[in-house]
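Colleague: Read in order, the letters of the sequence shown correspond to residues 0 to 249 in the working numbering.
What follows is a structure written as structure tokens; I'll ask about it next.
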Amino acid sequence: MKRIILIGCSILALTSCKNEKKESQEVEVVKTEKMEAKTNENKEWKVLFSGEDLEGWQTYNRDSISSQWKVEDDAISFAPAKGDKRIKEYLMTKDKYENFELQIEWKISEGGNSGILYGVQEMDKYDEPYYTGPEIQILDNQKHPDAKNGLNRTAGALYDMVPPNKDVTKSAGEWNKEVIHIDHKENIGWVKLNGVKVTEFPVNGEKWKNMVQNSKFSQWEDFGTSSKGYIALQDHDDKVWFRNIKIKEL
């Protein structure tokens, strides 16, 4: 009887060890899968702004970045210089992008105006990138006069072409979270502002050409004609801030 009991206990102990080993292996597999998923997520998104410096950025048709663009409080800030030091200066990525999703946070000064441009081409004949790159508008909707010129000039709009379906912006001086999605393969662009998709539009083809023809850009021969280009932050004479900027290529 004692022998039978001992054998039974040994079997139970062996089974218990196997179960513990199996559970331990399963836990390790789950941990590994989570780590791989996190690694893939980090690889998928490219950080465009470290919060410390302007590495990876340049200015449109200029060799250096002036003190109008600074890094402060983990954000890129723009403030126009005064007097002879004032130059028109757009900050622009060093790399070109075609199909992408851009995540960015911005805040605008009271009564301020700015924007985010994509598909920008650097050409000697142009002194500003808006001659080639469409703009997603940044605006103090409450106090900037451009808001009275039409909804297609308010924050979140594809400037002068497609208006946002609602105003979900926060007050001047507060941070707004924005996602800009541009996909030439699927011929779709959209803007999500503070968690709400406010704008959707084609990015090429006949519908795109018709939108351009019905806008202020109709006579601009290079406007919106290139699918791949730089992303630029606009100098529109007003103080503006950007942070938490990252991009995912589609």
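Ideal Cβ placement from N, Cα and C applies to all residues, glycine included.
Could you spell out where the beta strand (DSSP E) holding glycine 204 opens and where it closes?
Modeller: From DSSP, glycine 204 is part of no beta strand (DSSP E) but of the alpha helix (DSSP H) over 204-212.
Colleague: On the DSSP bridge list, what partners appear for glycine 228?
Modeller: Tyr96
Colleague: Just verifying my parser: in three-state terms, what is the DSSP assignment at arginine 242?
Modeller: strand
Colleague: Between the segment 71-80 and the segment 127-136, do at least 3 Cβ pairs fall closer than 8 Å?
Modeller: no
Colleague: Out of Ala74, Asn60, Gly50, Arg85, which has the shortest C-alpha to C-alpha gap to serine 66?
Modeller: Arg85
Colleague: Among Asp72, His180, Ser49, Arg61, whose alpha-carbon lies nearest the alpha-carbon of glutamate 97?
Modeller: When only C-alpha atoms are compared, the closest one is His180.
Colleague: Is the beta carbon of lysine 44 sitting closer than 9 Å to the one on phenylalanine 241?
Modeller: The question names lysine, but residue 44 in the sequence shown is tryptophan. Against a cut-off of 9 Å, the Cβ pair of phenylalanine 241 and tryptophan 44 comes out as no contact.
Colleague: Less than 8 Å separating the Cβ of methionine 122 from some heavy atom of the ligand COA?
Modeller: The ligand COA is not part of the structure shown, which contains no ligands of any sort.
Colleague: Looking only at its own chain, which residues have a Cβ that is under 7 Å from the Cβ of valine 167, when we skip the five neighbours before and after it?
Modeller: Leu192, Asn193, Val195, Val197
Colleague: Suppose contacts are defined by Cβ-Cβ distances below 9 Å. Is asparagine 112 in contact with leucine 138 by that definition?
Modeller: yes
Colleague: Between the C-alpha atoms of glycine 110 and lysine 238, what's the straight-line distance to the nearest angstrom?
Modeller: 10 Å
Colleague: Closest by CA to tryptophan 174, which one among Leu47, Ser76, Ile64?
Modeller: Of the listed residues, the one whose Cα sits closest to tryptophan 174 is Ser76.
Colleague: Compute the Euclidean distance between the alpha carbons of serine 63 and tryptophan 56, then round it to the nearest angstrom.
Modeller: 10 Å
Colleague: With a cut-off of 8 Å, do at least 3 Cβ pairs link the segment 196-216 to the segment 152-168?
Modeller: The segment 196-216 vs the segment 152-168: in contact.
Colleague: From aspartate 221 to leucine 150, what does the alpha carbon distance come to, in whole angstroms?
Modeller: 25 Å
Colleague: Output the distance between the C-alpha atoms of alanine 146 and leucine 116, rounded to the nearest integer angstrom.
Modeller: 19 Å
Colleague: Looking at the unbroken beta strand (DSSP E) that takes in threonine 58, where does it start and where does it end?
Modeller: 56-58
Colleague: Using the beta-carbon count (16 or more within 10 Å), is aspartate 52 buried or exposed?
Modeller: exposed
Colleague: Could you work out which residue in Gln120, Lys245, Gln136, Lys215 is closest to lysine 227 when comparing CA atoms only?
Modeller: Gln120
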